[in-house]
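Here is the structure we will look at, set down as structure tokens.
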Amino acid sequence: MNLVFLGAPGAGKGTQAKRLAASTGRPHLSSGDILRSEISEGTELGTQAKQFMDAGQLVPDDVVDRMMIARIGRDDCADGFILDGFPRTAVQARELDEALEELGRPVDTVVYLHVDDDEVVERITGRRVCSACGAIYHAKSLPPKVEGVCDKCGGRLTQRKDDTVEVVRERLVAYHRQTEPLIEYYRSRGLLRRVDASRGIDEIQADLSAMVNEVAS
Ligand code: AMP
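The sequence shown maps to residues 244 to 460 in our numbering.
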């Protein structure tokens, strides 16, 4: 099961990919999470990526391609993987296809989580992330039991630097311009499954579990 999550920022890719990874035992590979950990470790790659991320722009293709393709080549991906946030441009999609062909691990399904732009802004500006375990909350729709504290590990909840209204608008521009064309790219290959992501988290998760069972059978 080699799966790609596609959709606007805030569509729920991370939330659903994490849940699916937990239920299937497949690794969840989030390009955003990997870039953020490169930044917090102060690596050269992180330093290169930071200025783009802070401005809501995409990190250059060659940087992200190298990073993600190396990750997918690791042993824990041999029985499948769940990609979240990669690919995000036509160049990345082609590079990924080539690399997966060489590895003999082609993409099976692309889940396209669809939400409107207004909903994206509402979701992202209310998003809070655990600084210790990465669990995702929302100030209104998925609040933690104790404000500012992660239910799962007791870690401190923070707002991502790029989750402000101004940066979200930029990220949406990048999404429509550079990522949306991938919907057609994957649809024309018969891989795309469109999911209405304006619904509740549990309802979407149930749909995705059913879909994965169907793909696996
Ligand atoms: P995310 O956590 O997926 O919302 O990504 C946060 C930011 O990381 C994006 O706004 C981009 O700046 C950068 N990023 C993540 N994935 C990619 C990618 N595949 N290509 C280019 N930039 C990316």
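Ideal Cβ placement from N, Cα and C applies to all residues, glycine included.
Less than 8 angstroms separating the Cβ of residue 278 from some heavy atom of the ligand AMP?
Result yes, Cβ under 8 angstroms from the ligand AMP.
Using DSSP bridges, identify the partner residues of residue 355.
249 and 437.
Going by C-alpha distance, which of 316, 354 and 449 is nearest residue 345?
Of the listed residues, the one whose Cα sits closest to residue 345 is 316.
Please go through the stretch 364–408 and give each complete beta strand (DSSP E) segment of 3 or more residues, from N-terminal end onward.
Complete beta strand (DSSP E) runs here, min 3: 370–373 and 379–381.
On the three-state DSSP scale, how would you describe residue 460?
Residue 460 carries a coil assignment under DSSP once its states are collapsed to helix, strand and coil.
First through last residue of the beta strand (DSSP E) which encompasses residue 431:
For residue 431, no beta strand (DSSP E) run applies, since DSSP gives it neither H nor E.
Inspect the beta-carbon positions of residue 259 and residue 331 and report whether they are closer than 9 angstroms.
No, the pair does not count as a contact, with Cβ atoms beyond the cut-off.
What are the start and end residues of the alpha helix (DSSP H) that includes residue 219?
Since the first residue shown for the chain is 244 and the last is 460, residue 219 is missing from the structure and cannot be characterised.
Taking the straight line between their C-alpha atoms, what separation do you get for residue 318 and residue 427?
Pairing residue 318 with residue 427, the inter-Cα distance amounts to about 31 angstroms.
Within the continuous alpha helix (DSSP H) that includes residue 343, where are the two ends?
Start and end: 333–346.
Taking the beta carbon of residue 460 as the centre, do at least 16 other beta carbons fall within 10 Å, making it buried, or is it exposed?
Classification for residue 460: exposed.
Any chance the CB of residue 272 is under 8 angstroms from a heavy atom of the ligand AMP?
For residue 272, the distance from the CB to the nearest heavy atom of the ligand AMP is not below 8 angstroms.
Per DSSP, which one or two residues make a beta bridge with residue 324?
245.
Which residues does DSSP list as the beta-bridge partners of residue 271?
Its beta-bridge partners are 325.
Just to confirm my understanding: we take residue 388, look at its own chain, exclude 5 residues before and 5 after, and list those with CB closer than 8 angstroms. What are they?
Excluding the 5 residues flanking it on each side, residue 388 has same chain C-beta neighbours closer than 8 angstroms at 394, in chain order.
So which of 323, 386, 271 and 380 has the shortest CA-CA distance to residue 253?
Selected option, being the one with the closest Cα: 380.
When you measure from the CB of residue 366 to every non-hydrogen atom of the ligand AMP, does any distance come out below 8 angstroms?
No - the ligand AMP has no heavy atom lying nearer than 8 angstroms to the Cβ of residue 366.
Provide the residue span of the alpha helix (DSSP H) that contains residue 193, from first to last.
The structure shown does not extend to residue 193, since the chain is modelled only from 244 through 460, so no value can be given for it.
Are the Cβ atoms of residue 334 and residue 251 separated by less than 9 angstroms?
Not closer than 9 angstroms, so no.
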